[in-house]
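Notes to accompany the following structure.
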Amino acid sequence: MDFQPTLPIPISFISGRYLLFSIDAVTYLRREHNTCGVLIGTLPQIPQQNVFLGLPLELMPEEARLLVDKGVACIVDEAKAQKDGMQSLLEEDRRQYLRELESQGLQAARIVAGRKEQQKEDYFKKSLEKKGKKKPNVQSKETSNGDPTASPTGPSTANDEPASLGDFFAGDSSSSRGTSNSTPNPQHTYGVTPTTSYPPLPHPSASSDAILSRPDVPLSYPLFAHMHTRGYFLSPGLRFGCQYVAYPGDPLRFHSHFLVVSAEWDQDINLMDIIIGGRLGTGVKKGFLLGGPQKEKPEDGSEIERTESVRTFSIEWAGM
Amino acid sequence: MADADEDVINTSSAGAAQMDTDLSDETQDFRLLSHLNFLNDSTSSSLPKRGEKDFEPNPTEFQADVLSASRQAMHNALAHPRIHNPKTWVIGFYAPDGPMPPPDHVDTAKTAGKGMGVSQDSCVYIPNAKGSTFQSIGQADRWNRLWLLPEEAIYMLERGNLDIRWPSASTAPAEDEEDDISIPMSLQAAYSCFMGHAGLTLERYSVYAALRRLGYTVLRAPAWDDSAKPYNTKTEMDIDAYTQPTHRGPGLGGILACISNWMSDPFSTASPAAGPLVGCGIHRSHNDVYRKMALIPWYDPALAPQKDPLDTTAPFRVVLHVYKPGTVIKKSAIPPPDFRIAVLSTREQTTIPTLPELSALLQSTPLDPPRGEKMERMMYMRVRHGYRNVVLAVVDQGVTSFLRVGDAAFGKEKLFAAKYAPRGTKKSGYSKPKR
Amino acid sequence: MPSTQTAAPSTEPSALTKLIETVSASGNPVEATTIQILHNLQQQHLWTNMQLHHISAPETSPETPAVPVLISGVPPHRVYTHPDEQLYMLEKGIREDDLRPERLFVIPTAQNQSWSLRRMASAFDAMSGIEFVEDKESLPEVDVEMTKKLDQYYEKREEAIATKEWGSTRMLLAMVDKNMGGDGTVVYYVVQEGEVKPRQN
């Protein structure tokens, strides 16, 4: 869990967006750098829903920029890296990699077979218990209990002799577990679709020509960085009609505190927008946080100076 | 205190927590996921309830433990591998140059692409597609290979239903042709190679995948290509949809006829230029009076000009056609979609759409007036349904909101003439959108 | 509404009448806004000891100050209690009504008035420069035990102000609806400098 990835972590720049595919990088950035991103992919184990999503993880340009500025991450032109990488991959490496995948597939096949056995075993144990309680009525209950098993191991004959059931199943399950562990059938090797391309591709080096410059960020970046420095976790704000939603800790555990909107120091703000934000926030037990850097964006663009000059205001309905 | 409404907001804030019960709105506690039994895979297994969250961090060990458990569960869920059971293993091949005939038919290569009856945007083919998952996607060529569009390819790979291989040309040349050393594409490789290909943006893909996951069938609409223009640029007569309440024909002639009618109306005692609206003639019903008072022009969406879906400007154009789950779609005769979707990214489109932008988008959708017994009976449903409609999918850095925009016709609802005048009951009304 | 039916000829004009007279007499829109909000605080929300604080522009700037005047007064009940302060009070068994009424500052604004972060910040900066003496006369009578608790509370609050753990500098932003056809409604929002966690009730 407390895995430490090689730094800088490569962030894939794909079609103008910043994505992460490595689960270790995602976990690490969440734990050590308060960076959550948004999961946008389908979870293969439960693909028919939108509540729990999987990799890749999309980062806001602000998040990517902050990580690059901290020296934690770098931006990789992923399409180029993939294409060049595959072309320069030696045949030996490829064979090696395929062998690796095959052994993973074999392992997967074993685990799946093992789990199936386990389930079967559990099921029989349960139905055994049931039957044990209702010994006198075994014959009448037999059909209702035996039907859903649809088991290929042929325990149906055993139902005729309830007394020997326990022994029979004990022997049966242990032997079948043994076979699945010791003699894996190579025909049943599973195919594997890896999540990332590293390996077989080598970790991109800082000198690689696929490394891109720091991400461009919107004018709201100084406020983003200011809040992040203070330990807040920030998410895109679309759901609450603001720029960012700020959480006092990991959003896995905590409710958000602020609806965050950034403005430039002399930017005209419609007072009505402050009222709307304050009212919306109070309605969902959150504060409306308005802020921005006192320093206007200079031509040379020192975001650090701008971030240091940020002032913020928390707004709630007064209730009067 | 100051006014009743404010008190309502304050007291209802307790209920506000339950207001948004859409689970996908909040970051989920992945611990709940581990309670689901994947292997039983009765796909309809009920979703877990929202996890309990705290207001703020405190230095207790209990809280740290719970957070750590949540993170571990999330890690485990995300680390779940994509594996292919040999019985259902489907292999596809990446074709970076688009649809091509098989290598042993290279002689026909001159007719490659266009002659194959396959979209030029396709980039993956499956020589031997099997299973129900591939029924509603892709296009078959005459060698019975199924060609997938980039979004279809990523989605199928992401679900764990498809193993896509790098073409051998992208890897170093193989010494032995017989020896299959084609490398499987990773999820990362698929995103890198297919995203950005043929108009596929991450936002469009997010919307596509979100709907597919829920069981909708999603097809590209004609306006998918941002640069596509209508073939025949015949400019339709711009009919003025702003209508006087009285009947009139289209165009300027209609307006003139309308005015002359008005002037020559023998029963009218009113002068349009000056004087009382209703006048002092004999009015036999209230409806006559109301009709005379109806001065303000109103917009009739039914009269708005129909635009070619291609005669629009990105991002305000329909890029996806969506069908409800269970719709039978024959690839030869595609039915009209249930929903039309335009996809917006908050980082490119930072302002609320203007009225001209929305009008142009709505006019590119076909007329879909409220129909049915229920619509006839319930005025607010009619107004809400509108005469044309489109769904805006707004994507903010991976977070998607769907908004339905309907072209409502308030002017068509003559309250004074209504048989069942809407009463003050808010039950049928539009006062509280329920979620 | 103040009733005029029983009014004797010598009676003072009603508060509303006075307001209308003053506001229309004043040609300055900012002043009119200020008077209107002051009146709303006094008459609708029953604030007392109202004061106006005119803010002079910094000498370096030729411009008029962003917020030329602030209002302050004492509300009959507490308007804002920080969540942690509330928790402390709950633990000690102190009710809000046991506490000394506090002076609160108000930024008067009108809808459609031009506004910016600079203006907001300048109002806060101006407030910190204003000196005022808290009047302690209207303290409610309490027993010895409560006096002790309250002393502890006031001590704790001094600390909390320094550490900002019970929130920071705070003001009310008042906005009056003065548009064409506006009904003169005034809305009040608590504004605090910095990130102050929201109240949960």
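Those sequence lines, one after another, are chains A, E and W.
Read the first sequence against UniProt numbering and you will find it ends at 320, with the numbers running on by one and no gaps.
Read the second sequence against UniProt numbering and you will find it ends at 435, with the numbers running on by one and no gaps.
Read the third sequence against UniProt numbering and you will find it ends at 201, with the numbers running on by one and no gaps.
Note that CB positions come from ideal geometry on N, CA and C, so glycine has one too.
If you're wondering where the values come from, they're calculated on a predicted model, not measured in any experiment.
Looking only at C-alpha atoms, which of the options sits nearest to residue i?
{"i": "residue 245(A)", "options": "224(A), 197(A) and 305(A)", "result": "224(A)"}
{"i": "residue 450(E)", "options": "323(E), 330(E) and 331(E)", "result": "There is no way to answer for residue 450(E), as the model of chain E reaches only from 1 to 435."}
{"i": "residue 74(A)", "options": "263(A), 212(A), 40(A) and 50(A)", "result": "212(A)"}
{"i": "residue 293(A)", "options": "19(A), 263(A) and 121(A)", "result": "263(A)"}
{"i": "residue 78(E)", "options": "89(A), 46(A), 82(A) and 295(A)", "result": "46(A)"}
{"i": "residue 33(W)", "options": "182(W), 194(W) and 200(W)", "result": "182(W)"}
{"i": "residue 437(E)", "options": "309(E), 279(E), 196(E) and 290(E)", "result": "An answer regarding residue 437(E) cannot be provided, because it is not within the stretch 1 to 435 covered by chain E."}
{"i": "residue 109(W)", "options": "149(W), 127(W) and 120(W)", "result": "120(W)"}
{"i": "residue 380(E)", "options": "357(E), 390(E), 412(E) and 151(E)", "result": "412(E)"}
{"i": "residue 277(A)", "options": "317(A), 251(A), 214(A) and 302(A)", "result": "317(A)"}
{"i": "residue 65(A)", "options": "215(A), 48(A) and 3(A)", "result": "215(A)"}
{"i": "residue 146(W)", "options": "123(W), 116(W), 98(W) and 167(W)", "result": "98(W)"}
{"i": "residue 397(E)", "options": "148(E), 345(E), 362(E) and 377(E)", "result": "345(E)"}
{"i": "residue 234(A)", "options": "29(A), 51(A), 81(A) and 122(A)", "result": "29(A)"}
{"i": "residue 208(E)", "options": "221(E), 151(E) and 223(E)", "result": "151(E)"}
{"i": "residue 183(E)", "options": "228(A), 251(A), 273(A) and 98(A)", "result": "98(A)"}
Going by the beta-carbon positions, is the gap between residue i and residue j smaller than 8 Å?
{"i": "residue 193(A)", "j": "residue 187(E)", "result": "yes"}
{"i": "residue 198(W)", "j": "residue 257(A)", "result": "yes"}
{"i": "residue 134(E)", "j": "residue 298(E)", "result": "no"}
{"i": "residue 202(E)", "j": "residue 17(A)", "result": "yes"}
{"i": "residue 206(E)", "j": "residue 395(E)", "result": "yes"}
{"i": "residue 217(A)", "j": "residue 243(A)", "result": "no"}
{"i": "residue 99(E)", "j": "residue 136(E)", "result": "no"}
{"i": "residue 145(E)", "j": "residue 126(E)", "result": "yes"}
{"i": "residue 41(A)", "j": "residue 201(A)", "result": "no"}
{"i": "residue 11(A)", "j": "residue 195(E)", "result": "no"}
{"i": "residue 362(E)", "j": "residue 390(E)", "result": "yes"}
{"i": "residue 280(A)", "j": "residue 249(A)", "result": "no"}
{"i": "residue 70(W)", "j": "residue 105(W)", "result": "yes"}
{"i": "residue 360(E)", "j": "residue 312(E)", "result": "yes"}
{"i": "residue 90(E)", "j": "residue 131(E)", "result": "yes"}
Sort out for me which residues DSSP pairs residue i with in a bridge.
{"i": "residue 13(A)", "result": "18(A) and 77(A)"}
{"i": "residue 114(W)", "result": "270(A)"}
{"i": "residue 54(W)", "result": "69(W)"}
{"i": "residue 396(E)", "result": "399(E)"}
{"i": "residue 185(E)", "result": "Looking at the DSSP assignment, residue 185(E) forms no beta bridge with any residue, so it has no partner."}
{"i": "residue 106(W)", "result": "71(W) and 172(W)"}
{"i": "residue 89(E)", "result": "For residue 89(E), which the question treats as bridged, DSSP gives no partner whatsoever."}
{"i": "residue 342(E)", "result": "392(E)"}
{"i": "residue 83(E)", "result": "192(A)"}
{"i": "residue 211(A)", "result": "76(A)"}
{"i": "residue 140(E)", "result": "146(E)"}
{"i": "residue 224(A)", "result": "In the DSSP output, where bridge partners are listed per residue, residue 224(A) has none listed."}
{"i": "residue 233(A)", "result": "247(A)"}
{"i": "residue 287(A)", "result": "258(A)"}
So is residue i buried or exposed if we call it buried at 16+ other beta carbons inside 10 Å?
{"i": "residue 75(W)", "result": "buried"}
{"i": "residue 41(W)", "result": "buried"}
{"i": "residue 402(E)", "result": "exposed"}
{"i": "residue 185(W)", "result": "exposed"}
{"i": "residue 144(W)", "result": "exposed"}
{"i": "residue 64(E)", "result": "exposed"}
{"i": "residue 321(E)", "result": "buried"}
{"i": "residue 190(W)", "result": "buried"}
{"i": "residue 119(A)", "result": "exposed"}
{"i": "residue 102(W)", "result": "exposed"}
{"i": "residue 439(E)", "result": "Examination of residue 439(E) is not possible in this model, given that chain E is present from 1 through 435 alone."}
{"i": "residue 137(A)", "result": "Note that residue 137(A) scores 47 on pLDDT, short of 50, meaning its location in the model is unreliable and no value can be drawn from it."}
{"i": "residue 87(A)", "result": "exposed"}
{"i": "residue 126(A)", "result": "exposed"}
{"i": "residue 325(E)", "result": "exposed"}
Quick check: is the beta carbon of residue i nearer than 8 Å to any beta carbon in chain B?
{"i": "residue 117(A)", "result": "You won't find chain B in this structure, because its protein chains are A, E and W."}
Worksheet item: Hey, which unbroken runs of the alpha helix (DSSP H) at 4 residues or more fall wholly within the segment 38 to 86 of chain A?
Response: 61 to 69
Discussion item. Threshold first: 4 residues or longer. Then list the alpha helix (DSSP H) segments lying entirely within the segment 290 to 319 of chain A, N to C.
Written reply: 303 to 308
Discussion item. Quick check on the DSSP output: what are the complete beta strand (DSSP E) runs of length 3 or more inside the UniProt domain "tRNA-splicing endonuclease subunit Sen15" (150 to 201) of chain W, in order along the chain?
Written reply: 170 to 176 and 186 to 193
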